[in-house]
Every structure is written in C-alpha cells, then in structure tokens.
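Colleague: Attaching a single structure in structure tokens format; questions to follow.
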Amino acid sequence: MSDVITVTDRRSGQARTVDFSGEVVSIGKDSANLIVLDDEAVSRNHCEIRRHGDKIAVHDLGSRNGTLINGHRIDRPTLFDPRCSLQLGNYIIRLGASDAGRGGNSIPPQPAAKPKPKPPVENKPRLVTPVDLKRQIHAILIERMDLKRQDMSQRSLEELRLRTTEVCSKIIQEYAHALPGWLTQEALVKEIVDEAVGLGCLEELLADPEVDEIMVCAWDKVYVEKHGKIALSSKQFTDDMQVVSIIRRILSPIGRRIDETTPMADGRLPDGSRVNAIIPPLALSGPTLTIRKFATTPFRIDDLINFGSMTRPMADFLALAVKNRANIVISGGTGSGKTTLLNVTSNYIPHDERIVTVEDSAELQLQQPHVVRLESRPANLEGRNAVNIRDLVKNCLRMRPDRIVVGECRGGEALDMLQAMNTGHDGSLTTLHANNPRDALSRMETLVLMAGMELPSQAIREQISSAVDFIVQAARLADGSRKITHVSAVTGMQGDVITLQNIFEFRQKGYDEEGKVMGYHTATGEIPEFVQEMRKRGLEVDLSMFKEREG
342 MSDVITVTDR
352 RSGQARTVDF
362 SGEVVSIGKD
372 SANLIVLDDE
382 AVSRNHCEIR
392 RHGDKIAVHD
402 LGSRNGTLIN
412 GHRIDRPTLF
422 DPRCSLQLGN
432 YIIRLGASDA
442 GRGGNSIPPQ
452 PAAKPKPKPP
462 VENKPRLVTP
472 VDLKRQIHAI
482 LIERMDLKRQ
492 DMSQRSLEEL
502 RLRTTEVCSK
512 IIQEYAHALP
522 GWLTQEALVK
532 EIVDEAVGLG
542 CLEELLADPE
552 VDEIMVCAWD
562 KVYVEKHGKI
572 ALSSKQFTDD
582 MQVVSIIRRI
592 LSPIGRRIDE
602 TTPMADGRLP
612 DGSRVNAIIP
622 PLALSGPTLT
632 IRKFATTPFR
642 IDDLINFGSM
652 TRPMADFLAL
662 AVKNRANIVI
672 SGGTGSGKTT
682 LLNVTSNYIP
692 HDERIVTVED
702 SAELQLQQPH
712 VVRLESRPAN
722 LEGRNAVNIR
732 DLVKNCLRMR
742 PDRIVVGECR
752 GGEALDMLQA
762 MNTGHDGSLT
772 TLHANNPRDA
782 LSRMETLVLM
792 AGMELPSQAI
802 REQISSAVDF
812 IVQAARLADG
822 SRKITHVSAV
832 TGMQGDVITL
842 QNIFEFRQKG
852 YDEEGKVMGY
862 HTATGEIPEF
872 VQEMRKRGLE
882 VDLSMFKERE
892 G
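Counting in our numbering, the sequence shown runs from 342 upward without gaps.
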C-alpha cells in the first residue's frame with residue numbers, strides 16, 4: 342500500500358511530496374528522519390506517521406512545542422486522513438498530493454468545499470470550557486495582531502497591552518454566546534491579555550501579597566504557598582506550550598535560555614523574585630516552574646521580630662556582630678528564609694564600606710550606597726564562556742572590597758570564601774544548606790573538598806574554625822513558621838573536632854490545638870569570646886542580652 346504525503350512551507354508557499362510506502366515516516370529536525378524540517382519550533386525527533394492496518398495515525402514523540410492536527414495539540418496517537426492538516430511549526434503536512442507537489446511552485450487556491458448541512462438549532466448555546474475558549478481566542482489574537490513578530494524593544498509594554506486589550510475585547514464579543522454565566526468578558530480579557538503579553542495566570546498570583554511561592558507542576562496544576570502551607574490554586578495555563586513561552590519570557594531579558602539542549606535554568610523577575618524552570622524531557626509531567634517571591638518592600642529586622650522569627654536581644658547581638666566585622670554563615674534548609682535573613686543582616690553593614698555581592702541569580706537587596714553586584718553566567722550555545730560563582734569570588738578579591746557577601750556557597754567557592762575571611766576580609770557573610778550548626782560545619786568541609794584541592798580534613802577544619810565566627814541557623818517548622826533556632830559561636834578546635842557554643846536558641850515546647858508550634862527564644866547565658874575581646878578594647882556591650890529566660 343502506498344500513499345503520498347505533501348509537506349508545505351507556509352513561509353514560502355513551496356511544497357514537496359514524499360512517498361509513504363513503508364510502515365513509518367519519521368519527521369523532525371534531525372537529518373536521520375525521512376522528512377527533515379528546518380524550523381526552530383520542530384524538535385530533532387518530533388513525530389511519526391505510522392500505519393495501523395488500513396488506518397494511519399500520527400504519534401507525537403514528546404516534542405517540545407507539540408504536534409497539532411487541525412489546530413488541536415495531540416497527546417496520544419491520532420487518526421490521520423486526507424481531511425486532516427498536520428502542523429509542525431511553519432510546516433503543514435497532509436495526506437495526498439497537491440498541484441505544488443506535482444511540480445508547481447506554489448499552492449493554488451483550494452476549491453470551495455461543499456456546504457455542510459446545518460445542524461438543528463439548539464435552544465441552549467454550545468458548552469465550551471473556559472480553557473478551550475481561552476485557547477481559541479488566544480490563537481485568533483496571535484493571528485490578528487501577529488504577536489510573535491512584535492518588537493518589544495520598540496513598543497512599550499503598556500502600549501502593547503492596551504492594543505492587545507482592544508483587539509481581544511472585539512474577539513471576545515464574537516464569542517459572548519459561549520461564555521459561562523459566571524465568567525465576565527472583563528475577566529476573560531484580562532486573563533488572555535496577561536497570557537499574550539504578560540506572565541499569564543501568574544500575574545495575579547505575583548500580585549497577591551499572601552503568596553510566598555508559586556509552583557507550576559503542569560499547565561493545569563499551579564500550586565501556591567501561603568503562610569507556610571501549600572495548596573492547589575484555581576489558576577491554569579492553556580497548555581504546555583504556553584508555560585514554556587512564559588518561562589522564555591522570564592529568562593530572555595536576563596540573557597538566559599531554555600530548550601532541549603539546556604532544559605534547566607535559573608533566573609529572576611525584575612523585582613528580584615527567584616525563578617527555576619525545567620522542561621521535558623527532564624520534566625516528565627510537563628514544563629515545571631518555581632518562583633520564590635520577594636517582598637515588594639524588603640523586610641527589616643523589626644518585621645522578623647514581629648513574625649516571631651527572633652527576639653530583640655538576638656537582633657541586637659547580630660547587629661553587634663556585623664558592625665564589628667564578625668564572619669557569619671547563615672545555615673538552613675530550602676525555604677527556611679536564609680536569603681531574607683542575609684538581606685536583613687547585611688543592612689547592619691556601615692554605609693561607608695564597599696560591599697561586593699556574588700550570586701547565581703541576583704536576589705540580594707542591600708540598601709547601602711556602595712554596592713557592586715556580581716552574577717554568574719551560564720555557558721553559551723557552544724557550551725563555553727560560563728562564569729561560575731568561584732570565578733566571581735576570586736575576582737572580587739581584586740576589587741578592594743571591605744565586605745564580601747556570597748548569596749549561597751554550594752561548591753568549591755567555599756574554599757575561596759574561607760581564604761578571604763582568613764586574609765583580611767573580615768565581616769563577610771554567606772549562606773549554605775544544612776539542618777543545624779553542626780551539619781553546617783560538615784557541609785562546609787564537603788564544599789571545600791569540591792574545589793578539587795587535596796587538603797587533609799584537619800587542615801580544612803582548622804581553616805573553618807579560624808575563619809567563621811558565628812553560625813545562624815534558620816528553619817521552617819512543621820506549622821510553616823520560620824524561626825532562627827540557633828545562634829552559635831565557633832570557639833576553636835578540640836582535637837580534630839570544631840567546637841561550638843550556643844549563644845541563643847529556640848526551645849520548642851510542643852503544639853497547640855491548631856497545630857501551631859509552641860516555644861520561645863532565649864539566650865543560653867554564655868557570653869562569646871568575641872564580646873569579651875570587645876570589652877577589653879574598651880567598647881561598651883549591654884550584657885543583659887545574654888541573660889537566659891524561662892519560657
């Protein structure tokens with residue numbers, strides 16, 4: 342059995358035919374395919390047309406931008422016949438030969454189709470789901486405005502949004518009969534315009550001050566964290582392609598990309614919110630996006646005290662330590678508030694000092710006037726020219742910093758950070774992932790080994806004990822609240838063990854009837870050697886902050 346497949350390039354109108362005499366026709370960008378398509382929207386191995394007895398079906402192979410038949414994206418094998426139009430990027434594929442496929446250079450106008458008998462008139466309008474309706478209107482909007490060709494650099498976003506809103510409103514009026522009673526035209530216009538020129542359904546979540554984190558697990562599963570608890574929101578995208586489009590819209594302004602060759606990326610929003618994205622084939626359930634929101638107004642120390650994260654004596658002690666150039670490591674688990682605490686603590690650095698910050702994705706919001714911000718850079722398309730955190734830490738040592746603030750130590754840069762702390766760059770601050778102060782020391786030792794230097798453990802521990810003055814431990818508790826659980830002083834070495842002394846700690850007493858953690862912060866009564874040295878230099882220190890209290 343033999344068939345003919347016609348492949349038409351919509352950009353040029355050129356068409357070509359391919360004999361379909363076997364069982365499978367492979368289609369994609371890779372030269373090994375039977376039909377090779379040169380288009381950014383086409384994956385290397387995009388889809389296959391297969392015979393199944395006397396029927397023919399299209400199988401999507403997990404393509405990045407999807408396979409469309411008659412304008413609808415398929416997620417399972419779908420029957421393919423001469424009435425069907427298969428769209429891959431700028432190419433249209435049909436069964437059968439057109440005049441262009443027989444040697445012509447262009448596609449002649451198609452004969453008018455015979456009018457189909459009208460279906461009987463129904464009293465009720467046809468039911469359309471909001472997602473389907475948005476998908477249809479969005480497709481028409483893209484066609485009428487040619488949104489994919491809009492030059493954002495020459496047209497302001499506000500102007501583009503106004504124009505898009507105007508066109509979208511006219512389109513929706515044509516679909517007014519299909520709107521559910523509970524969905525207003527104004528609400529639908531806002532959602533579609535947000536999707537077309539903004540961040541889609543994320544816009545409303547980003548504007549909600551109660552939302553701390555947004556987690557997109559699939560186009561129809563958007564979770565949010567509020568007050569430490571995660572819940573499924575009512576927001577949805579129209580499909581996976583739109584999620585990928587939003588991810589690229591976030592990454593493009595900061596010079597980062599995401600595609601099949603680089604399916605993971607970190608980024609940030611203009612307000613400093615942290616973004617992580619991962620797409621298929623690594624994300625099996627579809628494009629995944631995680632946004633850690635930053636407060637519009639940076640938190641102050643009084644905010645953390647009001648939240649119950651720390652007490653006034655703890656805040657006074659941190660202020661004392663930072664102003665007197667103690668080296669501080671902030672430790673904690675994911676989402677425990679390390680970066681927020683680093684931001685707040687950094688505010689105590691005097692305004693007449695030069696500060697250099699080093700981050701993977703710039704998040705810190707220091708308020709001092711003399712701040713130099715450095716951000717790492719991923720590799721380019723050829724896999725070269727990457728600049729990692731360690732490179733930046735080494736470079737900032739040549740920039741005459743008074744203070745070095747590293748957003749997070751997660752690799753060999755820990756060694757460079759320790760060496761900086763030990764060679765005159767006192768008052769440096771950083772964060773790392775660990776569950777308690779003792780684990781933070783072990784984690785630091787492991788990170789130093791990742792630098793590739795074959796140093797004995799004893800030498801590494803001596804470096805840590807002489808460089809780090811205090812470890813501040815942050816934690817997110819079972820009820821979602823965030824607390825500083827320990828402020829510990831590194832007091833030296835005993836044999837081959839680094840010794841710690843808790844200055845402040847959170848003592849948990851249990852849970853109340855609503856599941857809230859009960860407990861209190863207190864000093865342990867220990868006065869760190871750091872304070873004793875200050876008093877010897879004639880500096881006044883209020884020792885009442887170290888007084889232990891009962892809960």
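C-beta atoms are modelled at their ideal positions from N, C-alpha and C, and glycine is treated no differently.
1. How would you label R351, buried or exposed, when you count the other beta carbons within 10 angstroms and need 16 or more for buried?
2. Can you give me the start and stop residues for the alpha helix (DSSP H) that E389 sits inside?
3. Considering only their Cβ atoms, is the gap separating I599 from A618 smaller than 7 angstroms?
4. Report the option in T681, D395, D732, P710 whose CA atom is closest to the CA atom of D701.
5. Using only CA atoms, which one of N406, E515, A800, E381 lies nearest to A584?
6. Just the C-alpha distance for H387 and L630, rounded to the nearest angstrom, thanks.
7. Which residues does DSSP pair with K824 in a beta bridge?
8. Note down, one range per segment and in chain order, each beta strand (DSSP E) of at least 3 residues found wholly within the region 848-877.
9. By DSSP's criteria, I555 is part of a beta bridge. Which residues make up the other side?
10. Comparing C-alpha positions only, which one of T681, S677, D693 sits nearest to Q706?
11. Does the beta-carbon distance from V552 to L546 come in below 7 angstroms?
12. To test your reading of the DSSP string, which unbroken beta strand (DSSP E) runs of 3 or more residues are found completely within the region 582-663?
13. Would you mind sorting L468 into buried or exposed? The rule is 16 or more other CB atoms within 10 Å of its CB.
14. Considering Cα atoms alone, identify which of R589, V882, S426, A864 is closest to V872.
15. Take G363 as the anchor and find which of H393, R385, R357, M886 has the nearest alpha-carbon.
16. Short check: CB of V399 to CB of L429, under 7 angstroms?
17. With H, G and I counted as helix, E and B as strand and the rest as coil, what does DSSP make of M791?
18. Tell me which residue opens and which closes the alpha helix (DSSP H) that L529 is part of.
19. The beta strand (DSSP E) spanning I745 covers which residue range?
20. As a quick exercise: from M834, L756, G821, A548, pick the residue whose alpha carbon is nearest that of L796.
21. Within the region 744-780, note down every full beta strand (DSSP E) run reaching 3 residues or more, in order along the chain.
22. Using 8 angstroms for Cβ pairs, my map puts L884 next to V858. What's the rounded Cβ distance?
23. Would a C-beta distance cut-off of 7 angstroms place G765 and D820 closer than the cut-off?
24. Rounded to the nearest angstrom, how far is the Cβ of G793 from that of T772, given a contact under 8 angstroms?
25. Among L715, A548, E694, which one has its Cα closest to the Cα of E704?
26. Please state the DSSP three-state secondary structure of N843.
27. If you draw a straight line from the alpha carbon of T603 to that of G752, how long is it in whole angstroms?
28. Roughly how many angstroms lie between the CA atoms of A548 and V670, to the nearest whole one?
29. Between the C-alpha atoms of G674 and I587, what's the straight-line distance to the nearest angstrom?
30. Going by Cα to Cα distance, which pick from N665, D581, M785 is closest to R744?
31. To the nearest whole angstrom, what separates the beta carbons of M778 and H827, a pair I think is in contact under 8 angstroms?
32. Could you compute how far the alpha carbon of R502 sits from the alpha carbon of Q526?
33. From what residue to what residue does the beta strand (DSSP E) around K396 run?
34. Out of A815, I595, R802, E786, point me to the one whose CA is closest to F893's CA.
35. To the nearest angstrom, report how far apart S404 and T638 are at their CA atoms.
36. Helix, strand or coil for D344 per DSSP?
Modeller: Looking at the coordinates:
1. exposed
2. Per DSSP, E389 belongs to no alpha helix (DSSP H); it is in the beta strand (DSSP E), 388-393.
3. yes
4. D732
5. Note on residue identity: the sequence assigns Val, not Ala, to residue 584. Taking only the C-alpha atoms, the option nearest V584 is N406.
6. 23 angstroms
7. A816
8. 858-864
9. V565, I632
10. T681
11. yes
12. 605-609, 615-619, 629-633
13. Since pLDDT at L468 reaches only 41, below the 50 mark, its modelled position is unreliable, and no value is offered.
14. V882
15. H393
16. no
17. coil
18. 526-538
19. 744-747
20. L756
21. 744-747, 770-774
22. Rounded, the Cβ-Cβ distance is 30 angstroms, inconsistent with contact.
23. no
24. That pair is no contact at about 23 angstroms.
25. L715
26. strand
27. 21 angstroms
28. 32 angstroms
29. 28 angstroms
30. N665
31. According to the sequence provided, residue 778 is Pro. The question's Met does not apply to it. At roughly 5 angstroms, the Cβ-Cβ gap stays under 8 angstroms, so P778 and H827 are in contact.
32. 16 angstroms
33. 396-401
34. The question about residue 893 has no answer here: the residues shown for the chain are numbered 342 through 892.
35. 41 angstroms
36. strand
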